[in-house]
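Counting in our numbering, the sequence shown runs from 50 upward without gaps.
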Amino acid sequence: MELILTENYDEMVEKAFSIVKSLVVTKPDAVLGLATGSTPLGLYKLITQDHKECGTSYKAVKTVNLDEYKGLAPDNRQSYAYFMRKNLFEHIDIELCNTNIENGLAENEKAECERYDEILKELPRDLQLLGLGSNGHIAFNEPSTPFGSTTHVVALTENTVKDNSRLFADASEVPRKAFTMGIKSIMQAKKILLLASGKNKAQAVLRLVKGEVSELLPASVLQLHPDCITIVDKEAASLL
Ligand code: F6R
């Protein structure tokens with residue numbers, strides 16, 4: 050795993066942006082695995098700005114997102130489908146039909162997970178972007194998720210519900226379940242780019258970089274990936 054330390058959040062997303070841009074420029078039909086949450090917002094702003102100013106095109110790019118809350122429709126403002134449209138897709142020239150995310154409203158969980166695994170098979174990712182949970186989760190793969198997992202439905206831990214409640218009016222509104230790409234599926238991406246920023250990620254970053262590979266810290270599996278870049282700002286790296 051290659052570790053890049055940056056002075057602050059802005060430098061972290063600039064470095065991530067240059068990796069994404071060079072991929073899209075050299076391979077205009079690249080498949081990108083995308084993440085939601087606070088961490089990639091600055092990266093999505095840079096992609097938008099560069100698209101507007103330099104014309105980098107996403108017309109042939111395809112995307113697959115990591116996860117979606119169960120029970121939320123794509124037009125619900127708290128859904129990850131809505132997040133992606135508002136924070137990235139509506140600002141670039143990507144075709145919405147080339148973007149993929151689990152269907153939060155799917156009644157049949159098993160069928161939806163199988164549908165998504167088929168999409169992942171058909172669209173081998175050139176790059177998978179990841180944020181890091183303060184408990185070491187990647188996507189919604191919480192501690193103790195098997196490394197062999199594919200797309201599945203998870204019950205979110207209290208820790209994750211608490212972390213995510215800042216984006217809802219009240220913690221009671223945070224959905225308790227989500228569809229998520231599994232750890233095995235994440236590891237199948239050709240290249241992985243994990244970003245971590247802020248003091249509340251420091252413990253997870255320490256265990257990710259220096260701890261043992263263990264299902265107790267899902268992100269530690271990335272130590273086994275042949276091409277994983279982890280970009281961490283000063284605060285998140287403070288325990289290293
Ligand atoms: C988001 C996701 C999550 C987040 C993680 C960090 O699609 O899968 O694993 O990446 O919870 O969230 P932030 O960036 O909000 O700290």
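Beta carbons are placed, not taken as given, at the ideal position from N, Cα and C, and that holds for glycine.
Name the two residues that bound the continuous beta strand (DSSP E) containing residue i.
i     : result
Glu51 : Glu51 to Thr55
Leu83 : Val80 to Leu83
What would DSSP say about residue i, mapped onto helix, strand or coil?
i      : result
Ala204 : strand
Phe132 : helix
Ile168 : helix
Gln301 : Because the chain here runs from 50 to 289, residue 301 falls outside it and cannot be looked at.
Leu154 : coil
Asn149 : strand
Leu288 : coil
Leu179 : strand
Ala160 : helix
Glu144 : coil
Arg215 : helix
Glu261 : coil
Leu266 : coil
Ser198 : coil
Thr88  : coil
Leu137 : coil
What does residue i pair with, by DSSP beta-bridge criteria?
i      : result
Ala227 : Tyr118 and Val203
Ile280 : Ile53 and Leu244
Gln252 : Gln252 is not bridged to any residue.
Ile187 : Asn190
I'd like to know whether the C-beta of residue i is nearer than 8 Å to at least one C-beta of chain B.
i      : result
Lys119 : No chain B appears in this structure, which consists of one protein chain only.
Ends of the alpha helix (DSSP H) at residue i?
i     : result
Ile68 : Tyr58 to Thr75
(request) Any chance you could list the beta strand (DSSP E) runs of at least 3 consecutive residues sitting entirely within the segment 92 to 128, in chain order? (result) 111 to 114 and 116 to 118
(message) Quick check on the contact list: which residues have their beta carbon closer than 5 Å to a heavy atom of ligand 1?
(response) Every residue passing the under-5 Å Cβ criterion appears here: Ala84, Thr85, Gly86, Ser87, Thr88, Leu115, Asp116, Gly180, Gly182 and Ala188.
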